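Since the structure comes first, as structure tokens, the remarks are kept for the end.
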Ligand SMILES: Nc1ncnc2c1ncn2[C@@H]1O[C@H](COP(=O)(O)OP(=O)(O)OP(=O)(O)O)[C@@H](O)[C@H]1O
Ligand SMILES: Nc1ncnc2c1ncn2[C@@H]1O[C@H](COP(=O)(O)OP(=O)(O)OP(=O)(O)O)[C@@H](O)[C@H]1O
Ligand SMILES: [Mg+2]
Ligand SMILES: [Mg+2]
Ligand SMILES: O=P([O-])([O-])[O-]
């Protein structure tokens, strides 16, 4: 039998294996992508109600006598006035049949705890409102919100339902009279954290993440690139350099919580930097991302054709000049890839921030890198741990915001990478 | 041309090397090298080469692959410094000054002894910026107008200006291979070096591009001293005044190009020239 | 050897191409190609080439860089399939069967038409495994003993066995350049192809290694049909029976090697041979 | 620059209550909203006792009382005046999926089901816990596998559960009760050690997760705080313990046996120096927050009885030093 | 003077001396102009002049900033009858309101005593500020003048400047070492204390982990065992399962992308896959605990296996999905980097693509693939949230993936954030675990490095 025939005979089996192999490759990708889609759909379906806000329309009487202030009162006085009164009065007006104490409490909880502050802020803005009657859309309580969105099933027997028959009846009455409206939840993007689901916003966490990542980027990018340049272009071959290399590789494998311990011991305790601040969070995360960026940058620098270096040297450029004028711009796309992976990791990280006090309830929006703040993944973590059911949808919405952040960051990097990519 | 298909065996090539045949020295040397040895770690790549490079001349270095042509060339402007394991022994004098002495700054040296590489390697920048790079880092011009002039001048000298004058700010990497190589030459000329080293500058190019480069070399020798490495004997014959033949790290023979190609003195040179190997 | 330093200008090279000069066809063709065009995307690299490759012969393809030698060579065992943008038109027959027809299996074809590349590319495996690779994937041997024999045999034919017999299980990448290239040839022989294509197999090697490869080619032609691309005319002269000269994607002239080198018919061939460019 | 906000650290159990007060305080006064970190009681104590000064916290939350060793450490570091504030109780409930079996447990049942070693009929003899289903423990209970999702040994909830439920059941065996006097540590070992053979699943401290897991696993019971039961009454139901259902009133009255006190501790030295401290303490201990109908009870905190509340309130506002 | 203002002034100074030095050299060049001589660019002289005043002045400024606070504290406490404060902490607390009082109203709101201190504080503040400014600025000026005088055309300015830059680069590279030192420093002290209570050997080789010690002082501990073996075994088990998922899936994806897929599919799919690595782990945790774990349990039970509701398998599977991109992206890169010549060599012998990939490309790309897998493994070892949520905390010493296990990082987190007192063995154990994990990964890294180097040496 000649060779050609032997080969021919083997072919059928080999081609079967080939197809099998290719199919396996395709299946792997499809599996991974399906999984991603599954996760994303899960998040999106859970998140969408968070972007809708239920409001209750009430006509309040801003009676000077009840509030104890008038249009001339200063801000301090308005601040300390009790704005619950007009709201409660309005509710009682709508449902005059409610008389018992306990029932009243239930009734008052139709509007959010934030409603009084909503009213107060309106009055501070425009003191002329005092003494007038106003029809205002107040934020609804999370239970009302849940009933309207259908998260609480009205058909369940009363014993299994969180919102009892009385309250449900009121809600339905308000609904029938058109006093309940829904709209896009701008508040979610404009407010800081709150313990009331309907009032909780993501702005503080978004800014916190932004500040933290800016610090991380500002520190880790230049340092990592400098380190990579040194190790690739200038480092002599000796034990010290070997030691640096081993350390960098090892740091890539250190669990992130250990970086938190480092941050606590060194930056907060030793250098007495502020707790809960993006500056410390950023430093800790940048230490964590350094190895990733260094490793990626080194391979990018390695991949720059030596001819480019030689061309510059041959013209009388110094080594430093050849590196900064030619090698670095050429390696930038690869460096950016490493940066993006590192920053994505930093964006989603919680554990190290736990140790430096960023797992915290912070309502005020951070104004600078030294103000107390949280970050998006921690907000997710905190909300996921809250007893109130209304936080379930907020949690998913926060995850969506985080993913949006991630994708936006990636898109910028991919754009930059395209821009710097040059063919030779 | 005589076609030979019988081959010497390996052993017959192991000839005892004596001194270089021909006239390695010359009257008006721009660069003189004396007893140069080059090592890559423990591996000696150049053995005891002494050779003068005459001013305003073209000298061609030829020899089989791996014989050390590039290595020798790169000692002349200390490009070998960039290779960690490379060590150079012996004396190399540029205008009588040792270029390997401590005080010599290799950067300044390379500005005086420019280099053109085998593969065209323009920077990923515009044509203008490619040529302007050298003058800029050395501060050769005082203002934009002077720089413009210098760039134009260099491109003209390199015979490229007509082809690119309308797209000076287009990327240099978008040129054809031959144009790129001329761009690299223009870039080297712009620094106004005294010597230009060329390592197989046309080996990657098609015949038409090669022809242009060779024309250019002929013109450049008026102003510059040129050392060219080539694997094409025809090319060596066309462009050089002197030719040096290397073999296994040794300089076997040097002489007038005509003489080397028509009447080589050393057995090895003759074998190489007549195409019995290489 | 005549030294020419005057050059034609670019224009004089723009000759109207007519049909190929010489005898492109032959009596006992192993491979016949007819009106072959090859395109890289919209760029035509080979124009209308018709050429026969005779059985048990060595045919050399020569021509300036970029003229399409490699491209043509790689159409013969469909290695061009691996380049997405590459399209081939025309007929290529191996023993009278069209290798580009749908039914033809490239895997089988490549087992019959082997290839050796310009740069030695041993697999990062042991010497033994390098040679055994082909036989193993094709299932050419039935047991270990047969495979051992085949590996030894192939290494002997490639003239490498003596040098490596004591370290068959050392990595193939640890050999010298010349040895690596012979290993690649051994690897190709082990599949017992009918035709071997060689793309500048000695261009990266020193003269001694080159000599060995050339000897090997001379021996191999007894059993195989060989197509060799080379940039060295001397090498073409030494190893081939027929020579084909390509220029800018066209086959200019084909003929007996002696005739081509001593008495080329086409103006371009003559210019190339006499070293006026290339 | 000075610090113009109050810094609170400590227990994750007290966090949901403390934050509510902080938020209202921030919204209704001109002071900044206090920053409340959830570090766990132990971590909070460590930070709290590190010393005085603006870079240390003013208040730490605790889901247990401060330890003597911790107080000593505080004193060593110059934290001299510490005011203790008992804010109320947290019921610890045992619950399962709402559609699953009803459980009417006794503390003895809990002890027998979850202890590492249980007494045999013979006095003084212990065997490794052999029970795998609830009806083996008590024939009145359903015949389902014993699987309880509960907090890990690092958690105060677990600690309280062990002490109140397990030990309570443990004491039902007279000979064990008797050992308490003779060999306290043996007694504790018997009563406090939870089995580690998989029937008790240490499930982390995310109570929402436990609730969701219970829905996926209707046979399992979960141990968590009352506020989570309160909020998820449509998903899970609490088991009766010793005849009492886990409801607001029964816990408050002490009828339901498993609940634990929640505290926070204040650094006296900071009260006059950090802006808003005084006012924050006043808000926290006000009737409208901590009182019987205060907003903290809406969040599931079990309030103090009237007398205790008044004492806590005066002690706090007068900054009376804690004495252990 | 505000630091930012001072830095701004120093920068202006630096800019000034830059221009002066540059001007001097330019003039000097012009005077003896030799057309053919290549000279060092004047800007380098400028840089050197600027840096030689800027760097020392900045260092001096930071030094003064550091001693400023102790000095002010000292002055203030001697002003307020020093006996009042035990230590600096009390003083800084006392000063909080005074420092914050930056408006007249706030000052007016202070107590009379504090108003006096405030006044004194402002005085001291002003003098120290002035002194600082004078010292730093005059140092800057002095050095600038000195540098200007000293610099001449013979100064090897470019080389000096590049030396400085190289020094900065080296400093950046050394941060890795400082970080390592910092990590060791931050866990060592507590670890030693832990080993004072629990013998190191019983920690390292103990097979029972059950920190059921009492939390409150009036309790007596029940069992307490600190054997780290179950944790490390659990870590290894879960990481192994994760790798079992991610390596085949990731590698096959990488192969498909680099060898089969078109350029377009590749450039699209790769970033999409990379999103998997960026999703917060809490999300994976919920998914593992609520979807995968019950599914596995029900499946197992229907086959008659006993499966814990919190199985290592569930956590491992989901973690495996999470780390796919580490394997796929990095392997894709290295596979694409395998020289085309090897691919052609194999195809030229008549191998099919899959044969080429399995027998030639993967072996050739192995070091890089191993690197990616190592990075993925590091990520798996360090992952916490998924395990906490899906695998629970039970420290069973088992290699059965259907049982519940726990990992080192999970224990570190729960121990650190729990209720127990901070000097209890439980909290300290977290530090010891951290230290031990650090050392373990260090050893693994050194080994991995050696293996990879060996392999490289052999085949490159
Ligand atoms: N960077 C290097 N490290 C180690 N050895 C080297 C290095 N560069 C060259 N060599 C060795 O030095 C010798 C001379 O090499 P060189 O490149 O100078 O030859 P060449 O004459 O230029 O050959 P070619 O015509 O192929 O370019 C060769 O044996 C080569 O292997
Ligand atoms: N992969 C490719 N994609 C696009 N164009 C190609 C590709 N490979 C070759 N070409 C073009 O096809 C033409 C012929 O190239 P080929 O490699 O066949 O030349 P050659 O004769 O082998 O030259 P050399 O002697 O330099 O190897 C050239 O113009 C080249 O630029
Ligand atoms: Mg060379
Ligand atoms: Mg070719
Ligand atoms: O966070 P805890 O200390 O209450 O468990």
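Protein chains in written order, with the working numbering: chain A, 550 to 973; chain B, 9 to 286; chain C, 9 to 286; chain D, 8 to 331; chain E, 9 to 468.
Where a beta carbon is used, it is the ideal one built from N, C-alpha and C, also for glycine.
Since we're looking at a predicted model, the values are computed, not measured.
- Chain-order list of chain D residues neighbouring residue 145 (chain E): empty, with the shortest C-beta distance near 24 Å, by a criterion of under 7 Å.
- Identification of chain A residues near residue 43 (chain D) by a Cβ-Cβ cut-off of 9 Å yields 909, 910, 911, ordered along the chain.
- For residue 18 (chain D), the neighbours in chain E by C-beta distance under 9 Å run, in chain order, 427.
- When rounded, the separation of the alpha-carbon atoms in residue 284 (chain D) and residue 770 (chain A) is 42 Å.
- For residue 721 (chain A) and residue 598 (chain A), the gap between their C-alpha atoms comes out near 20 Å.
- In this structure, the alpha-carbon of residue 383 (chain E) lies about 16 Å from that of residue 888 (chain A).
- Below 8 Å, enough C-beta pairs join the region 269-284 of chain D and the region 92-104 of chain D to call them touching: three or more.
- By the Cβ-count criterion, residue 105 (chain C) is exposed, with fewer than 16 other Cβ atoms from all chains shown falling within 10 Å of its own Cβ.
- By the C-beta density criterion, residue 328 (chain D) is exposed, having fewer than 16 other C-beta atoms within 10 angstroms.
- For the region 920-948 of chain A, the set of positions with a beta-carbon nearer than 7 Å to some beta-carbon of chain E reads 926, 929, 930, 933, 948 in chain order.
- Secondary structure of residue 58 (chain B) (DSSP, three-state): strand.
- For residue 120 (chain C), a Cβ of chain A is located within less than 9 Å of the residue's own Cβ.
- If you check each beta-carbon in the region 136-156 of chain C against every beta-carbon of chain A, the ones closer than 9 Å belong to 145, 146, 147, 148.
- Distance from residue 206 (chain D) to residue 155 (chain D) at the Cβ level is roughly 7 Å; contact confirmed, criterion being Cβ atoms closer than 8 Å.
- Closest option to residue 48 (chain D), judged by alpha-carbon separation, among E:443, E:436, E:426: E:426.
- Among the residues of the region 368-402 of chain E, those with a Cβ less than 8 Å away from any Cβ of chain D are 396, 397, 400, 401, 402, in the order of the chain.
- Residue 744 (chain A) reaches chain D at 23, 26, 27, 30, 306, counting residues in chain order whose Cβ is nearer than 8 Å.
- In terms of beta-carbon proximity, residue 555 (chain A) lines the interface with chain C, with at least one pair separated by less than 9 Å.
- With fewer than 16 other Cβ atoms from the protein chains shown falling within 10 Å of its own Cβ, residue 177 (chain B) counts as exposed.
- DSSP places residue 253 (chain C) inside the beta strand (DSSP E), whose first and last residues are 250-255.
- With 16 or more other Cβ atoms inside 10 Å of its own Cβ, residue 719 (chain A) counts as buried.
- Remark: C-beta atoms of residue 172 (chain B) and residue 158 (chain B) do not approach each other more closely than 9 Å.
- The beta carbon of residue 207 (chain C) sits closer than 8 Å to at least one heavy atom of ligand 2.
- Taken through DSSP and simplified to helix, strand or coil, residue 192 (chain E) comes out as helix.
- Of all alpha-carbon atoms in E:316, E:380, E:60, E:278, the one lying nearest the alpha-carbon of residue 156 (chain E) is that of E:60.
- Looking at the backbone, the Cα of residue 188 (chain C) and that of residue 137 (chain C) are separated by about 13 Å.
- Listed in chain order, the alpha helix (DSSP H) elements of length 4 or more contained wholly in the region 65-114 of chain E are 96-108.
- Under the Cβ criterion of 9 Å, residue 858 (chain A) is counted among the residues facing chain B.
- Secondary structure at residue 107 (chain C): coil, using DSSP grouped into helix, strand and coil.
- Annotation for residue 182 (chain D): no beta strand (DSSP E) segment contains it, though the alpha helix (DSSP H) segment containing it runs 181-189.
- Following the DSSP letters along the chain, one finds residue 760 (chain A) in no beta strand (DSSP E) but inside the alpha helix (DSSP H) bounded by residues 752-778.
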